[in-house]
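Quick notes on the structure that follows.
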Amino acid sequence: MKNRKSEVLAFSLVSGINKAIARLVDIWDNIGIQEEQRVERMEAVKKHIELLMNEMIIEEENLKLRILKNISACREELDILYHELSLEPYQIDQSQTVLQLEKDLRTKLENLVKEKTDRLKELKSLQEEEKSLCIDLCATPYYIPTGSIPSHQQLQDLKEHIKRLSLERESRVEVFSGLRQKISQLMNEIGHNPETTLEKDAVCDDADTFLLTSENIKALKLIVCQLEVKKETLISTRDDLMEKVSNLWNRLEFSQEEKNHFENNIKGSLSVEVRKLQNELDRLDELKRANMEEVIENIRHELMEYWDKCTFSTEQREAFAAFYSDDFKEELLIKHEEELARLKNYYAQCKVLFEAVNKWEHNWQLFQDFEKKASDPNRFSNRGGTLLRESKERAKIQKMLPKLEEEIKGYIEAWEAEQGTAFFVKGQRFMDYVANQWEELKTQKEKEKSQRLKKGDNSALRTPPVKRPQGGNSIMNTPSKTRKLTGTPNASVMRTTVSSTSSNSTGSNSIGSTFHSVTGKPPLSVQKTPHRSRLPDISHLTPLQEFKSDKPAASYTQFAVSSNKELEKKSNNVESILNSTAKDVLH
Numbered sequence: 036m037k038n039r040k041s042e043v044l045a046f047s048l049v050s051g052i053n054k055a056i057a058r059l060v061d062i063w064d065n066i067g068i069q070e071e072q073r074v075e076r077m078e079a080v081k082k083h084i085e086l087l088m089n090e091m092i093i094e095e096e097n098l099k100l101r102i103l104k105n106i107s108a109c110r111e112e113l114d115i116l117y118h119e120l121s122l123e124p125y126q127i128d129q130s131q132t133v134l135q136l137e138k139d140l141r142t143k144l145e146n147l148v149k150e151k152t153d154r155l156k157e158l159k160s161l162q163e164e165e166k167s168l169c170i171d172l173c174a175t176p177y178y179i180p181t182g183s184i185p186s187h188q189q190l191q192d193l194k195e196h197i198k199r200l201s202l203e204r205e206s207r208v209e210v211f212s213g214l215r216q217k218i219s220q221l222m223n224e225i226g227h228n229p230e231t232t233l234e235k236d237a238v239c240d241d242a243d244t245f246l247l248t249s250e251n252i253k254a255l256k257l258i259v260c261q262l263e264v265k266k267e268t269l270i271s272t273r274d275d276l277m278e279k280v281s282n283l284w285n286r287l288e289f290s291q292e293e294k295n296h297f298e299n300n301i302k303g304s305l306s307v308e309v310r311k312l313q314n315e316l317d318r319l320d321e322l323k324r325a326n327m328e329e330v331i332e333n334i335r336h337e338l339m340e341y342w343d344k345c346t347f348s349t350e351q352r353e354a355f356a357a358f359y360s361d362d363f364k365e366e367l368l369i370k371h372e373e374e375l376a377r378l379k380n381y382y383a384q385c386k387v388l389f390e391a392v393n394k395w396e397h398n399w400q401l402f403q404d405f406e407k408k409a410s411d412p413n414r415f416s417n418r419g420g421t422l423l424r425e426s427k428e429r430a431k432i433q434k435m436l437p438k439l440e441e442e443i444k445g446y447i448e449a450w451e452a453e454q455g456t457a458f459f460v461k462g463q464r465f466m467d468y469v470a471n472q473w474e475e476l477k478t479q480k481e482k483e484k485s486q487r488l489k490k491g492d493n494s495a496l497r498t499p500p501v502k503r504p505q506g507g508n509s510i511m512n513t514p515s516k517t518r519k520l521t522g523t524p525n526a527s528v529m530r531t532t533v534s535s536t537s538s539n540s541t542g543s544n545s546i547g548s549t550f551h552s553v554t555g556k557p558p559l560s561v562q563k564t565p566h567r568s569r570l571p572d573i574s575h576l577t578p579l580q581e582f583k584s585d586k587p588a589a590s591y592t593q594f595a596v597s598s599n600k601e602l603e604k605k606s607n608n609v610e611s612i613l614n615s616t617a618k619d620v621l622h
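Residues 36 to 622 (this note's numbering) are what the sequence shown spells out, left to right.
Put into structure tokens, the structure is as follows:
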């Protein structure tokens with residue numbers, strides 16, 4: 036369509052020129068211009084038209100050249116920008132006209148120039164932010180060559196770098212704040228004044244001036260560690276001084292009011308407390324030297340307490356000869372203090388063992404108490420279930436003692452292996468001490484048994500003779516047996532007396548039996564004479580009877596096995612006696 040318009044315009048132009056020439060010819064005819072003049076004038080018209088067309092052609096040619104030149108310049112600039120911006124080269128559409136190509140390239144160039152400007156502007160802003168963070172953290176900036184245009188990837192990496200720096204800064208600020216607070220707290224607690232520049236910067240009011248470098252953070256952590264070590268040292272020193280002061284207070288018999296007054300006035304930083312305690316200790320040392328005898332006597336009382344705690348034997352106590360010296364001088368006091376310190380250290384090392392031994396001692400004492408109760412004939416009264424309860428408790432302790440012995444033995448063996456020295460209880464190895472305790476119990480029970488048997492023999496010899504009822508011959512009365520048989524709540528009570536007599540002339544035995552049926556009111560003889568139980572004497576039959584052995588009891592297990600066998604034997608004897616007596620009564 037466009038081609039047709041241009042062709043029409045060209046035809047119209049040619050037609051107009053032809054009309055103009057025809058018009059000129061008519062004018063020339065009317066004027067009467069000759070042929071030669073017409074030729075000259077026609078040549079002038081031709082020349083004028085050709086000149087005009089040539090000028091137009093030249094102008095259009097120049098326009099084309101300018102457009103081509105612009106295209107070339109744009110392409111050069113585009114190539115540079117594509118390289119600077121790290122973009123792929125622009126592909127030219129060969130089907131485009133020169134004018135379209137120039138316009139397209141110019142538009143593309145404007146866009147790239149704008150992108151370059153935007154990148155440089157963003158880079159500047161990011162680098163300023165990065166610079167501030169790097170100064171605070173003493174970090175290395177992200178490298179982008181000076182004068183170059185950053186690529187999209189470089190800008191993204193720079194943003195990530197700034198993000199990491201920001202997080203690191205926040206983390207270090209948090210760490211710094213914690214360390215700063217910790218340092219201030221420790222300095223206040225121990226009474227320490229800032230000395231180095233770093234310490235002063237750490238606790239100054241303007242925290243923004245502190246550079247949050249990794250080296251400074253490490254230095255602050257080191258300061259915290261040093262202050263904590265100093266605090267622990269001061270606390271240890273304070274506690275040691277306080278212990279020494281307390282010991283001297285006790286030895287010098289200070290009142291509680293004086294102690295409380297000093298303790299209330301000592302409050303402050305650790306350095307202040309240590310200084311005041313040291314001054315108090317120096318003052319008490321002077322008083323101690325002035326009251327040497329009293330102080331040494333107080334230490335001796337404390338020594339005796341630790342001797343008891345450490346289960347020292349008499350020989351171990353007598354080994355400290357200074358305890359019996361009357362030369363109350365500084366040298367004697369030093370010896371007592373050293374001995375007391377040694378005992379305290381020894382007790383602290385063996386505290387677990389001593390507690391275990393004390394537990395065994397406590398249960399051993401309970402076991403001995405039950406043994407004494409078992410030997411008491413009155414235990415069969417059994418009022419309120421006491422006998423059953425004691426039996427259960429006794430059985431529980433019987434099971435506990437051997438377990439305790441084995442457990443303590445394991446503790447001691449481990450301790451001796453670790454310390455490389457022996458552990459003694461009252462001058463003996465623990466298992467030897469236990470064996471001796473069992474042997475002493477066995478000896479005591481045999482002694483009590485012998486005393487009971489001897490007492491029984493003497494009682495039998497002193498029994499007076501009685502006359503047989505109804506004028507019978509006199510006989511020697513032997514121990515009688517009495518049983519009460521109960522059926523129903525209204526059952527009769529039968530009392531049977533069996534007496535054995537011996538004739539002087541023939542030596543024959545006679546047995547007399549008397550039965551009284553009590554259905555109503557008892558006879559006067561029974562009312563006047565208090566009822567006396569005639570059960571057989573089984574007071575010597577204790578629940579845990581002593582065993583006979585020529586060797587000492589090595590442990591509770593051996594003792595218990597032999598005792599249980601003896602108990603079973605005695606129980607069978609008692610049962611046979613009771614059964615025979617019941618048969619005699621029923622028959």
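Quick reminder that beta carbons are idealized off the backbone N, C-alpha and C, glycines included.
- prompt: Going by alpha carbons, who is nearest to L100 out of P124, R73, H83, L134?
  reply: Nearest option by C-alpha distance: L134.
F211 in three-state terms, based on DSSP: Residue state for F211 is assigned as helix, using DSSP reduced to three classes.
- prompt: Are there 16 or more other CB atoms within 10 angstroms of the CB of Y177, so buried, or fewer, so exposed?
  reply: Result: buried.
- request: Could you check how far apart the C-beta atoms of F358 and L338 are, in whole angstroms? I think they sit under 8 Å.
  value: Rounded to whole angstroms, the Cβ separation of F358 and L338 is 7 Å, and the two are in contact under 8 Å.
Straight-line Cα distance separating S219 from E353: Distance between the alpha carbons of E353 and S219: 55 Å.
query: Is the CB-CB distance between H371 and R335 below 8 Å?
result: Cβ atoms of H371 and R335: closer than 8 Å.
task: Provide the residue span of the alpha helix (DSSP H) that contains G226, from first to last.
output: Bounds of any alpha helix (DSSP H) do not take in G226, whose DSSP letter is neither H nor E.
query: Which residues mark the beginning and the end of the alpha helix (DSSP H) in which Q711 is found?
result: Lying outside 36 to 622, the shown extent of the chain, residue 711 is not represented and no answer is given.
query: Nearest to I56 by alpha carbon, out of V80, R39, K394, N65?
result: If we check each option's Cα against that of I56, V80 comes out closest.
task: Locate the alpha helix (DSSP H) running through F405, then write down its first and last residues.
output: DSSP places F405 in the uninterrupted alpha helix (DSSP H) bounded by 386-409.
- request: Work out the CA separation of Q126 and D192 for me, nearest whole Å.
  value: So the two alpha carbons sit approximately 29 Å from each other.
query: So what does R464 bridge to, in DSSP terms?
result: According to DSSP, R464 bridges with F459.
- request: Identify, in the order they occur along the chain, each residue of the same chain with its Cβ nearer than 7 Å to the Cβ of R73, setting aside the five sequence neighbours on each side.
  value: Contacts found: W63.
query: Roughly how many angstroms lie between the CA atoms of Y446 and F402, to the nearest whole one?
result: Spanning the two alpha carbons is a distance of roughly 23 Å.
- prompt: Would the beta-carbon of L269 fall within 8 Å of that of L305?
  reply: Judged by their CB atoms, L269 and L305 are nearer to each other than the 8 Å cut-off.
query: DSSP on C173, reduced to helix/strand/coil?
result: Note: C173 maps to coil in three-state DSSP.
DSSP three-state assignment for K489, whether helix, strand or coil: Helix.
message: For F297, report the span of its alpha helix (DSSP H) as first-last.
response: Counting along the chain, the alpha helix (DSSP H) containing F297 begins and ends at 291-300.
Short Cβ contact (8 Å threshold) for I184 with E137: With a cutoff of 8 Å on beta-carbon distance, I184 and E137 are scored as not near each other.
task: State the CB to CB distance for the pair K394 and L439, rounded to an integer number of angstroms; the pair is presumed to be in contact (CB under 8 Å).
output: With a Cβ gap of about 7 Å, K394 and L439 count as contacting.
message: Please state the DSSP three-state secondary structure of S160.
response: In this structure, S160 counts as helix in the three-state DSSP scheme.
- request: Keeping to the same chain, check which residues put their C-beta closer than 7 Å to that of R187; ignore five residues upstream and five downstream.
  value: A quick correction: the sequence has His, not Arg, at residue 187. Nothing listed; no residue qualifies.
Residue from Y468, N333, K480 with nearest C-alpha to F405: Here the closest residue by C-alpha is K480.
field: L255 beta carbon less than 8 Å from that of A237
entry: Pairing A237 with L255 gives a Cβ-Cβ distance under 8 Å.
- prompt: Would you say the region 292-309 touches the region 258-278, given that touching needs at least three Cβ pairs under 8 Å?
  reply: As far as the Cβ criterion goes, the region 292-309 touches the region 258-278, which means the pair count is three or higher.
- request: Verify whether the separation of the beta carbon atoms of I197 and E164 is less than 8 Å.
  value: Yes, they are a contact pair.
query: Are the beta-carbon atoms belonging to E157 and L120 less than 8 Å from one another?
result: Pairing E157 with L120 gives a Cβ-Cβ distance that is not under 8 Å.
field: Closest by C-alpha distance to F458, when choosing among L488, R487, F347
entry: In this structure, F347 is the residue among L488, R487, F347 with its C-alpha nearest to the C-alpha of F458.
Residue closest to Q351, alpha-carbon to alpha-carbon, out of I106, R318, Q463, N146: A check of alpha carbon separations from Q351 across I106, R318, Q463, N146 identifies Q463 as the nearest.
query: The alpha helix (DSSP H) spanning P180 covers which residue range?
result: Counting along the chain, P180 sits inside no alpha helix (DSSP H), nor does DSSP assign it H or E at all.
Rounded straight-line distance, which links the Cα of E195 to that of E203: The C-alpha of E195 is placed about 12 Å away from the C-alpha of E203.
message: Rounded to whole angstroms, what is the Cα-Cα separation between K54 and D61?
response: Looking at the two C-alpha atoms, the distance is approximately 10 Å.
query: With 16 other CB atoms within 10 Å as the buried threshold, where does I106 fall?
result: Buried, since its Cβ has 16 or more Cβ neighbours within 10 Å.
- prompt: Straight-line CA distance for Q18 to T231?
  reply: Missing from the structure shown is residue 18; the chain here goes from 36 to 622 and no further.
query: Alpha carbon to alpha carbon, how far is E601 from K484?
result: Caution applies to E601, whose pLDDT of 48 falls short of 50 and renders its modelled position unreliable; the value that the coordinates give is listed next. Approximately 14 Å between the Cα atoms of the pair.
query: At a Cβ threshold of 8 Å, is L375 touching chain D?
result: No chain D is present in this structure, which holds just one protein chain.
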